[in-house]
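What follows is the structure, encoded as structure tokens:
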């Protein structure tokens, strides 16, 4: 094949390849396409204010407050900064800048349940161990609290890192104690000194004895007063007449006479007994 013909083929191939690139709109890594033309991108922290033309390059503008772009771009506006929503259990880990979005993290007592790249998008509150359970593993920003159940003669109120053994009420220091309330998995045994119990029982017994004694004395006094108390009831008219008649019968009768031997003598006689007492004057 003549050299001249080969040159013609190569020229045609170059032209076709150039036309193919134009048809598929291929632009460089630092360019963006607009209306079939490749324009230079704006850098991080900027957005496109005016596209390039045949005579001018791209005009860029800085991002406004609470917006950002984190890479070279051909965007007409910047992205809005993410807001860390406290109702979703989030707080700010790193503030938003012109070149980077806000980074959120879980609030204290919460753990992340929706991680996106380096930021958390939603969090949940740590679980709380119930009475009768102990904390196997404390919750973190990435994991929930892990709880375990108490077994045997142990207990926990839910905040212990391990279950504690129940207190033994038997004497260990010379003081006698008894079990006031048995222990459970959620509470310890309650003990009380026997000496205190004896004092309480003694006081209660004394109170009972004094109360019973006062009651008996009061009852006896009332009975005695009812026996020896004078009659206060008024006699009826009939009873008064009977009493008057009886008194009249019992009154003595005095009789006086005069004789030759004795100038005057008197005799006293009871109506019922008919007994005479004579007295000379």
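In mature numbering (1 follows the signal peptide of the UniProt record, and there is no 0), the protein residues as written are -25 to -1, 1 to 256. Using N, Cα and C, we set each Cβ at its ideal position, and we do this for glycine too. The structure presented is a predicted model; accordingly, all values stated were derived computationally and were not measured.
Whole-angstrom distance between residue j and residue i, CA atom to CA atom
i	j	result
residue 109	residue 103	10 Å
residue 84	residue 113	10 Å
residue 209	residue 186	Since pLDDT at residue 209 reaches only 47, below the 50 mark, its modelled position is unreliable, and no value is offered.
residue 33	residue 62	42 Å
residue 58	residue 82	14 Å
residue 49	residue 17	6 Å
residue 66	residue 19	25 Å
residue 198	residue 169	44 Å
residue 14	residue 51	13 Å
residue 64	residue 5	39 Å
residue 26	residue 80	38 Å
residue 141	residue 166	11 Å
residue 124	residue 90	31 Å
residue 68	residue 77	8 Å
residue 178	residue 144	24 Å
residue 41	residue 21	13 Å
residue 88	residue 115	12 Å
residue 71	residue 156	59 Å
residue 154	residue 176	17 Å
residue 7	residue 1	9 Å
residue 181	residue 126	45 Å
residue -3	residue 98	Any reading at residue -3 is ruled out, since the residue's pLDDT is 47, under 50, leaving its predicted position unreliable.
residue 194	residue 183	17 Å
residue 31	residue 92	38 Å
residue 111	residue 136	6 Å
residue 132	residue 150	28 Å
residue -5	residue 28	Residue placement at residue -5 is poorly supported in this model, since its pLDDT is 45, which falls under 50; the coordinates are not used for a value here.
residue 196	residue 188	12 Å
residue 56	residue 3	29 Å
Nearest residue (CA-CA) to residue i, options the options
i	options	result
residue 118	28, 24 and 86	86
residue 73	48, 67, 151 and 38	38
residue 101	23, 94 and 122	122
residue 23	9, 155 and 30	9
residue 35	29, 53 and 41	53
residue 159	145, 177, 138 and 152	138
residue 60	141, 30 and 95	95
residue 120	128, 107 and 134	134
residue 46	70, 40, 71 and 75	75
residue 105	184, 162, 29 and 195	162
residue 164	193, 128, 188 and 111	128
First and last residue of the uninterrupted beta strand (DSSP E) at residue i
i	result
residue 124	121 to 124
residue 74	Unbroken run through residue 74: none, as it is neither H nor E.
residue 35	34 to 37
residue 141	Run containing residue 141: none; DSSP gives neither H nor E here.
residue 13	12 to 15
residue 100	94 to 100
residue 166	165 to 168
residue 29	Run containing residue 29: none; DSSP gives neither H nor E here.
residue 9	6 to 9
residue 87	85 to 91
residue 155	152 to 156
residue 65	65 to 69
residue 112	108 to 112
Assigned exposure category for residue i - 16 Cβ within 10 Å defines buried
i	result
residue 130	buried
residue 11	exposed
residue 43	buried
residue 107	buried
residue 152	buried
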